[in-house]
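Below: one structure, written as structure tokens.
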Amino acid sequence: MRIIAGKIGGQLFKAPRGRRTHPMSDRIKGAIFNSLGNIEGLSVLDAFAGSGSLSYESVSRGASLVVAVESDKRAIKIIKDNIEKLRIENTCKIIHANVSSWSSNNKEQTFDIVIADPPYDNLRVEILQKLTRHIKDDGYYILSWPVGTDLPKLEGITLEEVKQYSGAQIAYYTK
8 MRIIAGKIGG QLFKAPRGRR THPMSDRIKG AIFNSLGNIE GLSVLDAFAG SGSLSYESVS
68 RGASLVVAVE SDKRAIKIIK DNIEKLRIEN TCKIIHANVS SWSSNNKEQT FDIVIADPPY
128 DNLRVEILQK LTRHIKDDGY YILSWPVGTD LPKLEGITLE EVKQYSGAQI AYYTK
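Take 8 as the starting number for the sequence shown in our numbering and just add one per residue.
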């Protein structure tokens, strides 16, 4: 896998093997960051970090702080190794936790951008709703959701746009 663009664009990184994580394709990842535009100096929460791909891309494109939350032990090890290899330890923080528990224990922490790419085999709307508390005013919430499934109704944020790709739809919300 690789980082698409930015100051460490082109760098390769490892991803966990197996089906527990589903790394986002370069096409979808590129579309998300092109839609967001300049994220220089912004903070990002990468919920359900998986491979960490969205975290690395955020740092590469200028995010000042990225917090990646992941529960899978194998994925955590690989993300830590990638953060070290890419030399982004000062900007990208990995947290080994269940996203719901992390959210409950960090209620006051907010971000300019919250990205949620939950496991498609365990979609829990209540956790996605809980994550909306972490969006700063005028912030963005990006949700990856399986195609052919209705998007969840999330309170407190406004759905701005939905883009469909093979296998995934990306919903863009604002607060």
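By construction, the Cβ of each residue, glycine as well, lies at the ideal position given by its N, Cα and C atoms.
I'd like to confirm the pairing. Which residues does DSSP put opposite residue i in its beta bridges?
i: W152; result: Q176
i: F118; result: I142
i: T181; result: Y147 and T165
i: V74; result: L52 and K100
i: L19; result: R9
i: K170; result: I177
i: A123; result: A54 and L150
Alpha carbon to alpha carbon, how far is residue j from residue i? Give it in angstroms, no decimals.
i: I90; j: A123; result: 20 Å
i: E77; j: A54; result: 7 Å
i: K182; j: Y147; result: 7 Å
i: H103; j: I83; result: 7 Å
i: F40; j: A22; result: 20 Å
i: L61; j: D157; result: 24 Å
i: R24; j: G57; result: 11 Å
i: V8; j: G174; result: It is Met, not Val, that sits at residue 8 in the sequence shown. Approximately 19 Å between the Cα atoms of the pair.
i: I15; j: L93; result: 8 Å
i: K87; j: G17; result: 19 Å
i: K114; j: N105; result: 14 Å
i: K36; j: A75; result: 16 Å
i: V73; j: K80; result: 19 Å
If you run the structure through DSSP and keep just helix, strand and coil, what is residue i?
i: L93; result: helix
i: L135; result: helix
i: R9; result: strand
i: L2; result: Only positions 8 to 182 of the chain appear in this structure, which leaves residue 2 out of reach.
i: S158; result: In the sequence on display, residue 158 carries Leu and not Ser. Residue state, collapsed to three classes: coil.
i: L130; result: coil
i: R68; result: coil
Out of the options, which one is the CA nearest neighbour of residue i?
i: S108; options: Q18, K137, W152 and I15; result: K137
i: V66; options: Y172, L49 and K80; result: L49
i: P153; options: L166, H141, E167 and Q176; result: Q176
i: A38; options: G155, L150 and G163; result: L150
i: S201; options: F118, K114, D33 and S111; result: Look at the range of the chain in this structure, 8 to 182, and you will see that residue 201 is not part of it.
i: R68; options: K160, P125, T98 and D145; result: T98
i: V169; options: A178, N105, E162 and R81; result: A178
Assuming residue i and residue j form a contact by the criterion Cβ under 8 Å, report the distance between their Cβ atoms to the nearest whole angstrom.
i: E64; j: I11; result: 6 Å
i: R34; j: Y172; result: 7 Å
i: I46; j: I120; result: 7 Å
Counting only beta-carbon atoms, is residue i nearer than 8 Å to chain D?
i: L61; result: No chain D is part of this structure, which consists of one protein chain only.
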